Structure formats: structure tokens, C-alpha cells
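Counting in my numbering, the sequence shown runs from 6 upward without gaps. Report on the structure given below.
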Amino acid sequence: MRWLMPEVPQEQAASLAAELGLHPLSARVLVHRGLRTPEAASAFLSDRLADLPDPFRMKGMAAAVERLFRAIREKERITLYGDYDVDGVCSTSLVCLFLRELGAKPATYIPHRLDEGYGLNLQAVEKIASDGTRVLVTLDCGVTSVAEISRAKELGLDVVVVDHHTVPPTLPPAVAVLNPHQPGCEYPTKHLCAAGVAFNLCMGLRKKLREDGWFATRKEPNLKALLDLVAMATVADVVPLTGANRILVHHGLQELSAGRRYGVRALKEVAGLEADSPVTAGQVGFRLGPRINAAGRLHDASLGLQLLCSESLDSARSLAQVLDRANAERQGIESSILTEALAQAQERAEHVRGFVLYADGWHPGVIGIVASRVVERFHRPTVMIGVKDGVGKGSARSIEGFHLYDALSGCADLLARFGGHKHAAGLTVEAKHLPALRESFERIARQRLTPEDLIPRCKVDAVVGVNELDERAVEALQRLGPFGQGNPEPVLVLRHQVARPRVLPPKSGGAGHLKLALVDAPSVDAIGFGMADRLALTEGPVDLAFQAGFDTFRGQRRLSLKLKDLRVAA
Numbered sequence: 006m007r008w009l010m011p012e013v014p015q016e017q018a019a020s021l022a023a024e025l026g027l028h029p030l031s032a033r034v035l036v037h038r039g040l041r042t043p044e045a046a047s048a049f050l051s052d053r054l055a056d057l058p059d060p061f062r063m064k065g066m067a068a069a070v071e072r073l074f075r076a077i078r079e080k081e082r083i084t085l086y087g088d089y090d091v092d093g094v095c096s097t098s099l100v101c102l103f104l105r106e107l108g109a110k111p112a113t114y115i116p117h118r119l120d121e122g123y124g125l126n127l128q129a130v131e132k133i134a135s136d137g138t139r140v141l142v143t144l145d146c147g148v149t150s151v152a153e154i155s156r157a158k159e160l161g162l163d164v165v166v167v168d169h170h171t172v173p174p175t176l177p178p179a180v181a182v183l184n185p186h187q188p189g190c191e192y193p194t195k196h197l198c199a200a201g202v203a204f205n206l207c208m209g210l211r212k213k214l215r216e217d218g219w220f221a222t223r224k225e226p227n228l229k230a231l232l233d234l235v236a237m238a239t240v241a242d243v244v245p246l247t248g249a250n251r252i253l254v255h256h257g258l259q260e261l262s263a264g265r266r267y268g269v270r271a272l273k274e275v276a277g278l279e280a281d282s283p284v285t286a287g288q289v290g291f292r293l294g295p296r297i298n299a300a301g302r303l304h305d306a307s308l309g310l311q312l313l314c315s316e317s318l319d320s321a322r323s324l325a326q327v328l329d330r331a332n333a334e335r336q337g338i339e340s341s342i343l344t345e346a347l348a349q350a351q352e353r354a355e356h357v358r359g360f361v362l363y364a365d366g367w368h369p370g371v372i373g374i375v376a377s378r379v380v381e382r383f384h385r386p387t388v389m390i391g392v393k394d395g396v397g398k399g400s401a402r403s404i405e406g407f408h409l410y411d412a413l414s415g416c417a418d419l420l421a422r423f424g425g426h427k428h429a430a431g432l433t434v435e436a437k438h439l440p441a442l443r444e445s446f447e448r449i450a451r452q453r454l455t456p457e458d459l460i461p462r463c464k465v466d467a468v469v470g471v472n473e474l475d476e477r478a479v480e481a482l483q484r485l486g487p488f489g490q491g492n493p494e495p496v497l498v499l500r501h502q503v504a505r506p507r508v509l510p511p512k513s514g515g516a517g518h519l520k521l522a523l524v525d526a527p528s529v530d531a532i533g534f535g536m537a538d539r540l541a542l543t544e545g546p547v548d549l550a551f552q553a554g555f556d557t558f559r560g561q562r563r564l565s566l567k568l569k570d571l572r573v574a575a
């Protein structure tokens with residue numbers, strides 16, 4: 006792993022700290038990340054809902070709001086068509102709950118992952134039209150569905166597309182397309198997830214209704230209460246936690262922590278979290294999100310929708326337990342496929358810069374997760390494909406500097422369909438084209454990636470001394486969160502540390518953990534998960550790259566360093 010060390014103008018960091026009243030270490034991190042002026046740093050640190058952009062800056066918003074307003078006023082049937090992942094389920098729940106508060110009774114439709122696949126399909130469109138729907142809202146899908154939305158229009162449906170995926174050259178003939186990526190859209194945060202786009206739609210619709218006097222005799226919905234759904238989707242969809250996303254997730258985590266929604270409360274319980282305990286972005290990504298995802302990956306994603314829209318704690322608990330069992334089943338399947346995928350990747354790693362891995366029987370619902378694990382292990386863009394009845398369904402994940410959607414566009418002649426964005430994508434391919442797809446993708450990866458691109462990087466935000474590591478400094482760093490894609494948790498470096506090591510056995514298979522007691526900082530714990538094989542490096546002084554936080558044991562809080570890497574001190 007290559008460490009990318011910071012070059013921070015100390016005077017600039019000191020000036021920023023003084024002007025904004027920041028802790029010096031926080032100021033150094035901000036300056037290192039390019040936020041060098043008080044204006045830029047203040048804009049980044051803003052967490053006020055009032056600082057969210059005007060939703061009507063989003064292209065198509067006025068038309069979308071006008072059509073939904075008419076549907077609500079005239080009591081037309083509205084159907085919400087969502088994707089089967091966390092973002093799609095949360096987007097659908099969000100708009101459904103909001104419309105219910107307005108007095109509407111929307112229908113919902115979540116396609117079955119294995120039977121129907123991703124996005125709109127003609128059979129579903131025809132069924133929705135036959136049920137009397139007049140307005141169809143697609144959530145986390147639709148921007149590429151030209152044929153399906155054309156058919157919907159023929160059947161008398163007005164379609165509003167709420168999506169965030171890469172925009173194709175030809176847009177579907179919808180009444181309105183809401184997608185910050187489309188040309189001419191002035192909304193400043195381009196990388197919203199679908200739930201973020203949907204929240205803007207709700208903001209815009211509420212504003213229109215307010216101006217029209219709709220709430221003169223009705224209670225006005227509290228949109229802040231829906232931000233728990235936005236936060237789950239935003240974190241789970243791994244979009245950058247900057248701009249509007251940072252504000253939405255900041256307040257959404259507060260809502261998740263309060264656990265006022267029955268579905269969220271039950272979900273926290275099965276995930277091992279207290280009902281009213283604080284929730285971090287990490288817990289959303291690793292505990293809550295996977296359980297919502299699990300139903301869509303293996304069974305019926307509408308279970309997650311039912312959970313989030315539950316009107317009693319008993320029903321929510323029952324649904325949460327089903328999702329928890331599905332998640333455990335998903336983990337077992339994932340483990341088996343990962344073993345096979347790593348073996349395939351190991352055979353090819355020496356010769357290629359991008360993987361296309363495939364096998365009969367790999368479950369299409371979990372291969373995206375496995376692709377992420379392969380990327381973590383080999384630091385190469387990875388396409389994983391499960392084959393059944395002559396058709397391969399795949400998920401892909403990437404590394405920095407390699408645009409997946411663009412790469413798959415270069416293989417489009419071999420694909421039945423594909424979609425996604427820079428970091429993640431999905432595809433369908435006939436099994437007979439798999440060898441050619443592998444060859445084509447490997448060629449594109451070879452052209453666009455250098456050997457240096459394949460070396461994992463550890464981006465260091467600040468080099469610190471032991472005397473700088475105290476509770477006040479770490480608390481100040483935590484206030485730079487929520488952390489995630491686009492705003493990673495700061496990585497610090499301590500140099501020339503003498504450590505007393507011991508190896509801790511893992512709770513379940515895999516490598517042991519390396520626990521270090523630092524001679525110069527006896528009150529600080531340091532642990533490297535899965536790093537037992539690095540024990541020999543600690544025979545002399547070491548440099549440590551880590552993220553700093555707190556552990557609580559028997560009521561006592563203690564500063565803890567989570568190691569990202571370690572090396573023999575220079």
C-alpha cells in the first residue's frame with residue numbers, strides 16, 4: 006500500500022482555525038482536502054436544513070410538481086414504481102408516506118429481482134395501466150426506459166421519472182425527468198441518490214401546496230421526519246457525503262438515532278442496536294442497510310417497503326425478523342460465492358487489470374457485494390456474473406480512476422442491457438458472449454489503467470504527534486462527519502512508535518487481529534483488524550496509519566486507533 010502524505014500550509018491551517026474557531030487538527034484536515042478558505046470550509050461544514058438548495062433548481066421539478074398536484078387534487082390513481090435495493094425501497098417508502106399525509110392513496114410496485122430484473126418492464130407497465138393508474142412515478146429507475154415509458158404513454162399514463170443514474174443520449178418521453186445529471190439541470194449537488202431526488206420532489210410539492218392554500222385546513226407534513234429514509238438510502242448507495250447529501254444525512258442520522266418510525270425501531274432491534282441509541286453512517290452501511298437489501302437480493306423487496314411503512318410496532322418487528330433471517334441467508338450464500346470468486350481472480354490477477362468473473366449458479370442478488378470484496382482484495386475493477394439458463398446477470402464495482410459505465414459502454418455490443426454510474430453498474434449478457442466480454446473488458450482496463458493505478462492508496466490527512474491525540478482533538482475530527490464516500494473518515498499518521506504487540510484470535514474464521522500497546526501513549530488502544538500477519542513488523546519502531554475514535558468498555562470511554570496500515574519506521 007502506498008501512503009499519500011499531506012502537504013498542508015501550516016499558516017493557512019492556523020488562519021482557518023482562528024477565523025472559524027476550529028480545532029487546529031480539524032483545520033489541517035480541511036485545508037488538506039482543498040477547503041482552504043473560510044467560505045469553502047463554512048459551506049462544507051454547514052448542516053442547516055435551510056442551506057439545502059431550492060428544489061426548483063432541479064430541471065423538470067415544476068412539471069413534476071404540477072402533475073402530482075393535479076393528481077392529488079383530482080384524486081387520480083398514482084402508482085410508485087421503485088427499484089429493489091435500499092435506495093429504491095427507501096425512495097418508494099418516502100414518497101408513499103408523504104403522499105399519504107397529503108390525503109392521497111398511492112399504490113406501490115417493487116419488481117422481483119430474479120423474475121423481472123432491474124427497472125421498468127413492459128408487463129408491469131401494462132398491468133399498472135390496467136389497474137386504473139393515471140400517474141406513474143419511477144423511483145431509482147426509469148431514465149433509460151425509453152421503450153417502456155413510450156408504451157406507458159400509449160396506455161394513457163403520465164410518467165414522472167425520479168432517478169440518479171447516468172443519463173443516456175435519448176431521454177424517455179416522460180412528463181418530467183428528475184435527475185441532476187441531465188444536461189441543463191442547475192441543481193448543485195449532482196450525486197444525489199434517488200431518495201435525495203425524491204426528497205426534493207416532496208419539498209417542491211409541499212411548497213406548491215402551501216402556496217395554493219392546501220394546508221389551510223390540513224396538517225402540513227413534517228419533511229424532517231422522513232430524513233431517516235433519505236439517510237439510509239444515501240449511505241447505502243455510497244454517493245458522496247458532500248453538499249446537500251451531507252446536510253440530509255446529518256439530520257437523517259438524528260432521526261434514525263431517535264428511532265421514532267416503527268420500522269426503523271424494529272430494524273435497529275434485530276441489528277443489535279438499542280431503539281433510541283445513536284446511529285452512525287457506518288452502522289447504516291453495515292447493519293441497517295444490508296437487512297433492507299437482503300429481501301430484494303433473495304426474496305421479495307416489498308418486505309422492506311412494508312417494514313418502513315409499518316403502522317404498528319408488532320407488525321414491524323415481525324417483518325424485521327424476516328429481513329434478519331434473509332440477511333443471515335444472504336451472508337451464507339455470499340461467503341460461498343466469495344471463495345470461488347477469489348480463486349478465479351487469483352488465477353488471473355498477474356495478467357489483467359480488470360476482472361470479469363462468472364459461473365453457473367452464482368446468485369445474482371449477492372454478486373454485487375462479492376464484487377466489492379474482490380475489489381477490496383485485488384484493487385481492480387470487477388464484473389461478477391451469475392449464469393442461469395443461458396443468461397448472465399451481473400454487478401460491477403470499480404476503483405478510483407476507472408469509470409465503470411464508460412467501460413461497459415465500450416462493450417455495449419456484447420450486452421443485452423446495462424446501466425449504472427462511475428463506481429457501480431449492473432448488466433445482462435447472453436452466456437455465449439461471456440468470453441468475448443471478458444476479453445473486451447480486460448482490454449479496456451489495460452488501456453485505461455496503469456500498473457501504478459492497481460496499487461492501493463492510503464490517503465493520509467495529517468501527521469500527528471502523540472501529544473496531539475486527546476479526546477478534544479478526536480471529538481473535533483468527528484464533527485467533520487458524517488463520513489463515507491466523498492468525505493472519508495480522516496486518516497492520521499503517528500511516526501516512530503515503539504509498540505508492545507499481541508495477537509487476538511478472530512471471533513469466526515479468518516485472520517487474527519493485531520493489538521498494540523504504544524509505549525509513548527499508554528492510555529491509547531490500537532488495533533489492526535485482520536492484521537495478525539503483520540506482527541513481525543513491530544519488532545522495531547513502526548509508523549502507524551489509523552482512524553481515531555472511542556471505545557467504551559464497562560462504562561469507561563477510551564481513545565482507540567483503528568489501524569489502516571503499518572510499516573517499519575523510516
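Just so it is clear, CB atoms sit at the ideal spot from N, CA and C, and this is done for glycine as well. All of these numbers come straight from a predicted model, not from anything done at the bench.
Any C-beta of chain D sitting closer than 8 Å to the C-beta of D52? This model lacks chain D altogether, as it is built from one protein chain only.
Who are the Cβ neighbours of R156 in its own chain at under 8 Å, not counting the five residues just before and after it? The count along the sequence shown starts at 1 and reaches residue 156 at position 151. Excluding sequence neighbours, R156 sits near L127, V130 and E131.
Own chain residues within Cβ distance below 6 Å of A181, not counting five before or after: To locate residue 181, count along the sequence shown from 1; it is residue 176. Excluding positions up to five away in sequence, the list reads G65, A68, A69 and V165.
Given that a residue counts as buried once 16 or more other Cβ atoms are within 10 Å of its Cβ, and exposed if not, what is S98? Looking up residue 98 in the sequence shown gives position 93. By the 10 Å Cβ count, S98 comes out buried.
Every unbroken beta strand (DSSP E) within the segment 351-407, with a cutoff of 3 residues, ordered by chain: 360-365, 387-393 and 396-402
Taking L234 as the reference, give the member of L293, K567 and R211 with the closest Cα. Here residue 234 refers to the residue found at position 229 when the sequence shown is read from its first residue. Taking only the C-alpha atoms, the option nearest L234 is L293.
Assuming A481 is part of the alpha helix (DSSP H), what are its boundary residues? Taking the sequence shown and counting its residues from 1, one reaches residue 481 at position 476. Run containing A481: E476 to Q483, per the alpha helix (DSSP H) assignment.
By a C-beta neighbour count over all protein chains shown, 10 Å radius and 16 as the cutoff for buried, is Q502 buried or exposed? Taking the first residue of the sequence shown as position 1, residue 502 is located at position 497. Buried is the call here.
By the 10 Å Cβ neighbour count, where 16 or more other Cβ atoms means buried, how is T557 classified, buried or exposed? Locating residue 557 in the sequence shown gives position 552, where the first residue counts as 1. Exposed is the call here.
Could you have a look at H518 and say whether DSSP puts it in helix, strand or coil? Within the sequence shown, residue 518 is the residue found at index 513, counting from 1. Note: H518 maps to strand in three-state DSSP.
Measure the beta-carbon distance from T433 to L420 and round it to whole angstroms, keeping in mind my assumption that it falls under 8 Å. Within the sequence shown, the letter at position 428 stands for residue 433. Within the sequence shown, the letter at position 415 stands for residue 420. T433 to L420, Cβ: 7 Å. Contact.
So H428 and S400 are supposed to be a Cβ contact under 8 Å. How far apart are they, rounded? By one-based count along the sequence shown, residue 428 stands at place 423. By one-based count along the sequence shown, residue 400 stands at place 395. H428 to S400, Cβ: 12 Å. No contact.
Please state the DSSP three-state secondary structure of S414. Counted from its first residue, the sequence shown places residue 414 at position 409. In this structure, S414 counts as helix in the three-state DSSP scheme.
Among all the DSSP beta bridges, which residues are the ones paired with P506? For the purposes of this step, residue 506 is taken as the residue at position 501 of the sequence shown. Bridge partners of P506: L521.
Thinking N250 and P60 are a contact (beta carbons under 8 Å), I'd like their distance in whole angstroms, please. As a working mapping, residue 250 is identified with position 245 in the sequence shown. As a working mapping, residue 60 is identified with position 55 in the sequence shown. In fact, because the Cβ distance is near 14 Å, the residues do not count as touching under 8 Å.
With burial defined as no fewer than 16 other Cβ atoms inside 10 Å of the residue's Cβ, what is the status of H356: buried or exposed? Taking the sequence shown and counting its residues from 1, one reaches residue 356 at position 351. H356 should be labelled exposed.
Using C-beta distances below 7 Å, list every residue in its chain close to H256, excluding the 5 sequence neighbours before and after it, in chain order. Here residue 256 refers to the residue found at position 251 of the sequence shown. Around H256: L54, K229 and L232.
Taking the beta strand (DSSP E) that V269 belongs to, which residues open and close that run? As a first step, residue 269 must be located in the sequence shown, where it is residue number 264. Counting along the chain, V269 falls outside any beta strand (DSSP E), though it belongs to the alpha helix (DSSP H) covering Y267 to V275.
Between the alpha carbons of E316 and E225, how many angstroms are there, rounded? Position 311 of the sequence shown, counted from the start, is the residue given in the question as residue 316. Position 220 of the sequence shown, counted from the start, is the residue given in the question as residue 225. Roughly 19 Å separates the two Cα atoms.
Is Q326 buried or exposed, if buried means 16 or more other CB atoms sit within 10 Å of its CB? Position 321 of the sequence shown holds residue 326. Classification for Q326: exposed.
The alpha helix (DSSP H) spanning L206 covers which residue range? Residue numbering aside, residue 206 sits at position 201 when the sequence shown is read from its first letter. Taken as a continuous stretch (DSSP letters only), the alpha helix (DSSP H) holding L206 covers A199 to E216.
Are at least three pairs of beta-carbons, each pair with one atom in the segment 145-163 and one in the segment 100-114, less than 8 Å apart? These segments do not touch.
Which same chain residues end up closer than 8 Å to V465 when comparing Cβ atoms and leaving out the 5 residues on each side of it in sequence? By 1-based counting over the sequence shown, the position of residue 465 is 460. Counting only Cβ-Cβ distances below 8 Å, and skipping sequence neighbours, we find W8, L9, M10, P11, V496, L497, V498 and A550.
Measuring straight from C-alpha to C-alpha, what distance separates S582 and L25? What is shown of the chain runs 6 to 575, which leaves residue 582 out entirely.
Less than 8 Å separating the beta-carbons of I390 and I342? As a first step, residue 390 must be located in the sequence shown, where it is residue number 385. As a first step, residue 342 must be located in the sequence shown, where it is residue number 337. Between I390 and I342, the CB-CB gap reaches or exceeds 8 Å.
Quick check on this structure: which residue in V148, T113 and T149 has the alpha carbon closest to the alpha carbon of A134? Walking along the sequence shown from the start, residue 134 turns up at place 129. Answer by Cα proximity: T113.
Tell me whether N472 is buried or exposed, calling it buried when 16 or more other Cβ atoms sit within 10 Å of its Cβ. As a working note, residue 472 is residue 467 in the sequence shown. Its Cβ having fewer than 16 others within 10 Å, N472 is exposed.
Quick check on DSSP: helix, strand or coil for L343? Position 338 of the sequence shown, counted from the first residue, corresponds to residue 343. DSSP places L343 in helix when its eight states are reduced to three.
Along the chain, where does the beta strand (DSSP E) that runs through K626 open and close? Nothing about residue 626 can be reported from this structure: the residues present for the chain run from 6 to 575 only.
Cβ-Cβ separation, A331 to A376 (assumed contact under 8 Å), whole Å: Within the sequence shown, residue 376 is the residue found at index 371, counting from 1. Within the sequence shown, residue 331 is the residue found at index 326, counting from 1. Between A331 and A376 the Cβ distance is about 20 Å, and since that is not below 8 Å, they are no contact.
Kindly indicate which three-state DSSP category H501 falls into: helix, strand or coil? One-based indexing of the sequence shown puts residue 501 at position 496. Strand.
If distances are taken between C-alpha atoms only, which option among G93, H196, G39 and V573 comes closest to G147? By one-based count along the sequence shown, residue 147 stands at place 142. The shortest Cα separation from G147 among G93, H196, G39 and V573 belongs to G93.
Return the chain-ordered list of same chain residues with a C-beta closer than 6 Å to the C-beta of V379, the five sequence neighbours on each side being excluded. For this step, residue 379 is matched to residue 374 along the sequence shown. Same-chain partners within the cutoff: A346, A350 and T387.
Cα-Cα separation, G277 to G395: The residue given as residue 277 occupies position 272 in the sequence shown. The residue given as residue 395 occupies position 390 in the sequence shown. So the alpha carbons of these two residues sit roughly 41 Å apart.
Among Q15, L21, S31 and M6, which one has its Cα closest to the Cα of A478? Numbered from its first residue, the sequence shown carries residue 478 at position 473. The option with the nearest alpha carbon to A478 is S31.
Would you mind sorting K110 into buried or exposed? The rule is 16 or more other CB atoms within 10 Å of its CB. Working through the sequence shown from its first residue, we reach residue 110 at position 105. Under this definition K110 is an exposed residue.
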